[in-house]
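S.K.:
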Amino acid sequence: MKNIISLIVFLLLSVSCLEAKPNIVILATGGTIAGSIDSELETTGYKAGVIGIETLIKAVPQIKDIAQVSGEQIANIDSSNMNDEIWLKLAKKINELLKKDVDGIVITHGTDTMEETAYFLNLTVKSNKPVVLVGAMRPATAMSADGPKNLYNAVALAANKNAKNKGVMIAMDDKILGARGAVKTHTLNVDAFTSPDFGNLGYIVDGRVFFYNTISKDHTTKTPFNISKLKTLPKVDILYTYSNDGSGVATKALFDNGTQGLVVAGSGAGSIHENQKEVLKDLMKKGLKVAVSTRVVAGSVAVSKDDQNLGFISAQNLNPQKARVLLMLALTKTHDSAKIQKYFEKY
Ligand code: ASP
Numbered sequence: 001m002k003n004i005i006s007l008i009v010f011l012l013l014s015v016s017c018l019e020a021k022p023n024i025v026i027l028a029t030g031g032t033i034a035g036s037i038d039s040e041l042e043t044t045g046y047k048a049g050v051i052g053i054e055t056l057i058k059a060v061p062q063i064k065d066i067a068q069v070s071g072e073q074i075a076n077i078d079s080s081n082m083n084d085e086i087w088l089k090l091a092k093k094i095n096e097l098l099k100k101d102v103d104g105i106v107i108t109h110g111t112d113t114m115e116e117t118a119y120f121l122n123l124t125v126k127s128n129k130p131v132v133l134v135g136a137m138r139p140a141t142a143m144s145a146d147g148p149k150n151l152y153n154a155v156a157l158a159a160n161k162n163a164k165n166k167g168v169m170i171a172m173d174d175k176i177l178g179a180r181g182a183v184k185t186h187t188l189n190v191d192a193f194t195s196p197d198f199g200n201l202g203y204i205v206d207g208r209v210f211f212y213n214t215i216s217k218d219h220t221t222k223t224p225f226n227i228s229k230l231k232t233l234p235k236v237d238i239l240y241t242y243s244n245d246g247s248g249v250a251t252k253a254l255f256d257n258g259t260q261g262l263v264v265a266g267s268g269a270g271s272i273h274e275n276q277k278e279v280l281k282d283l284m285k286k287g288l289k290v291a292v293s294t295r296v297v298a299g300s301v302a303v304s305k306d307d308q309n310l311g312f313i314s315a316q317n318l319n320p321q322k323a324r325v326l327l328m329l330a331l332t333k334t335h336d337s338a339k340i341q342k343y344f345e346k347y
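Those letters in the sequence shown? Residues 1 to 347, per UniProt numbering, in order.
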């Protein structure tokens, strides 16, 4: 009897040892998480995007206990230099990997434009498996660098069974944020990201993942945007509103330079100087698409029915940099302002 029990215990232990850990691929793009400077005390003035992915993985050996990880270097840049080419490369790579036996993706990324990349992927990844962006506010060489813990958390999140169907997420400073809502709201603190209109999706505590919030907007497999054959994206720029901003010089110059769409970072609930508005109306008659967002951190814009009839598109509560991402993708599908408006309401 004793022998049988020992055999059963032995078999159960063997089976649990054999149970494969989730297969997570880390795609590296650079940023402060891969940043380096000579002094441990320096958290500014360092060079972002210099340390390779293998070194970042080796610095956190504990991630091997929770997942089978492999790394691939997609780019190694300061994310202020992020561009459409890397976005398309990243989205195509993720779509290819997630069709295979990969269970989740982690992307190491600079924090400056992380929210834009996250939202671009939220609209273009065609899988329900977890995709998590992670970065750091202090370079890898700093005293109390935040990168290693953030990377561990991101892998724990990507490997978590409950992290499917959440759209693209950001793991920073023990928080889980959804791609649509996440905004960088501090220039230097390690607690640099918040989600002013949505709140956090959840937290990661000692490697354990807790979700407290849901995603209400459509994302990933539910969007119509297919980048698989795209080599470039439509040119869309952002116009910032400020007092005495009536000349329209920048607006005309951008249009003459080939801009197909403009996002206006309006004041308040999307107000635009009346002179600037006249210039925009003229250019809209020549084909320019204009989405109205706001320079205010939280809340939705209010675009009147009359302005919508003229073709102004309400960016809802997307900030200007995210509204730009959606307008670019929308222009790959249609130039009909009413249809683009529907995209802004859905995604
Ligand atoms: N400038 C850096 C970057 O975005 C900042 C960071 O990663 O925190 O690449």
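Backbone N, C-alpha and C fix where the C-beta goes; we use that ideal spot for every residue, glycine too.
Taking a contact to mean a Cβ-Cβ separation below 8 Å, would you say Glu260 touches Val292 in this structure?
M.R.: Note that residue 260 is Gln in the sequence shown, not Glu. Cβ distance not < 8 Å, so Gln260 and Val292 don't count as in contact.
S.K.: For Asn122, does the count of other Cβ atoms within 10 angstroms reach 16, so buried, or fall short, so exposed?
M.R.: So Asn122 ends up on the buried side.
S.K.: Here's the rule I'm using: 16 or more other beta-carbon atoms within 10 Å means buried, otherwise exposed. How should Asn200 be labelled?
M.R.: When all chains shown are included, Asn200 counts as buried.
S.K.: Looking at the secondary structure, which residues open and close the beta strand (DSSP E) in which Glu72 lies?
M.R.: Looking at the DSSP string, the run of the beta strand (DSSP E) that includes Glu72 is Gln68 to Ile77.
S.K.: Using three-state DSSP, classify Asn23 as helix, strand or coil.
M.R.: Here Asn23 sits in strand by DSSP.
S.K.: Using a Cβ-based criterion (distance less than 7 Å to any ligand heavy atom), does Ala48 qualify as near the ligand ASP?
M.R.: Ala48 Cβ: within cutoff of the ligand ASP.
S.K.: Quick one: Cα of Ala156 to Cα of Ile51, how far?
M.R.: Roughly 22 Å between the two C-alpha positions.
S.K.: Does the beta-carbon of Phe225 have 16 or more other beta-carbons within 10 angstroms, so that it is buried, or is it exposed?
M.R.: Per the 10 Å Cβ criterion, buried.
S.K.: Determine the burial state of Asp101: buried for a count of at least 16 other Cβ atoms within 10 Å of its Cβ, exposed for fewer.
M.R.: Answer is exposed; the Cβ neighbour count stays below 16.
S.K.: Please report how far the alpha carbon of Ser70 lies from the alpha carbon of Ile26, in whole angstroms.
M.R.: Distance between the alpha carbons of Ser70 and Ile26: 6 Å.
S.K.: Assuming the contact rule is C-beta atoms closer than 8 Å, Lys129 and Lys164 should be a hit. Round their C-beta distance to whole Å, please.
M.R.: Indeed they touch by this definition, with Cβ atoms about 6 Å apart.
S.K.: When we look at the beta-carbon of Gly147 and count the other beta-carbons within 10 Å, is it buried (16 or more) or exposed?
M.R.: With 16 or more Cβ atoms within 10 Å of its Cβ, Gly147 is classed as buried.
S.K.: Helix, strand or coil for Ala302? Go by DSSP, reduced to three states.
M.R.: Residue state, collapsed to three classes: coil.
S.K.: Going by the CB atoms, is the gap between Leu151 and Ile33 shorter than 8 Å?
M.R.: Taking 8 Å as the Cβ cut-off, Ile33 and Leu151 qualify as a contacting pair.
S.K.: Exposed or buried, what is Leu280 when buried is set at 16 or more other beta-carbons lying within 10 Å of its beta-carbon?
M.R.: Per the 10 Å Cβ criterion, buried.
S.K.: Answer with buried or exposed for Asn309, where buried requires no fewer than 16 other C-beta atoms within 10 angstroms of its C-beta.
M.R.: Exposed.
S.K.: Name the residue from Gly135, Asp65 and Glu116 whose alpha carbon lies nearest to the alpha carbon of Leu88.
M.R.: Measuring from the Cα of Leu88, the nearest candidate turns out to be Glu116.
S.K.: Any heavy atom of the ligand ASP closer than 7 Å to the beta-carbon of Gly45?
M.R.: Gly45: no, Cβ never under 7 Å from the ligand ASP.
S.K.: To which residues does DSSP link Thr294 through a beta bridge?
M.R.: Answer is Gly266, bridged to Thr294.
S.K.: Pick from Arg180, Ser228 and Gly35: whose alpha carbon is nearest that of Phe344?
M.R.: Out of Arg180, Ser228 and Gly35, Arg180 has the C-alpha closest to the C-alpha of Phe344.
S.K.: Name the one or two DSSP bridge partners that Ile313 has.
M.R.: The partner list for Ile313 (beta bridge, DSSP) reads Ala291.
S.K.: Counting beta carbon pairs with one atom in the region 322 to 340 and one in the region 256 to 276, are three or more of them shorter than 8 Å?
M.R.: The region 256 to 276, when compared against the region 322 to 340, does touch it at the 8 Å Cβ threshold.
S.K.: Within the continuous beta strand (DSSP E) that includes Leu133, where are the two ends?
M.R.: Segment Val131 to Val134, the beta strand (DSSP E) holding Leu133.
S.K.: Sorry if obvious, but does the Cβ on Met137 come closer than 7 Å to a heavy atom of the ligand ASP?
M.R.: True, at least one ligand heavy atom lies under 7 Å from that Cβ.
S.K.: Could you work out which residue in Lys99, Ile86, Ala67 and Thr113 is closest to Ser80 when comparing CA atoms only?
M.R.: That would be Thr113, whose Cα lies nearest to the Cα of Ser80.
S.K.: Three Cβ pairs or more, each shorter than 8 Å: is that satisfied between the region 174 to 189 and the region 204 to 216?
M.R.: The region 174 to 189, when compared against the region 204 to 216, does touch it at the 8 Å Cβ threshold.
S.K.: Just the Cα atoms here: how many angstroms apart are Ile57 and Gly110?
M.R.: Their backbone Cα atoms lie some 16 Å apart in a straight line.
S.K.: Per DSSP, what kind of secondary structure is Asp65 in: helix, strand or coil?
M.R.: Note: Asp65 maps to helix in three-state DSSP.
S.K.: Does the distance between the C-beta of Ser36 and the nearest non-hydrogen atom of the ligand ASP fall short of 7 Å?
M.R.: Incorrect: Ser36 has no Cβ contact closer than 7 Å to the ligand ASP.
S.K.: Heavy atom of the ligand ASP less than 7 Å from the Cβ of Gly31, yes or no?
M.R.: Yes - the ligand ASP has a heavy atom lying nearer than 7 Å to the Cβ of Gly31.
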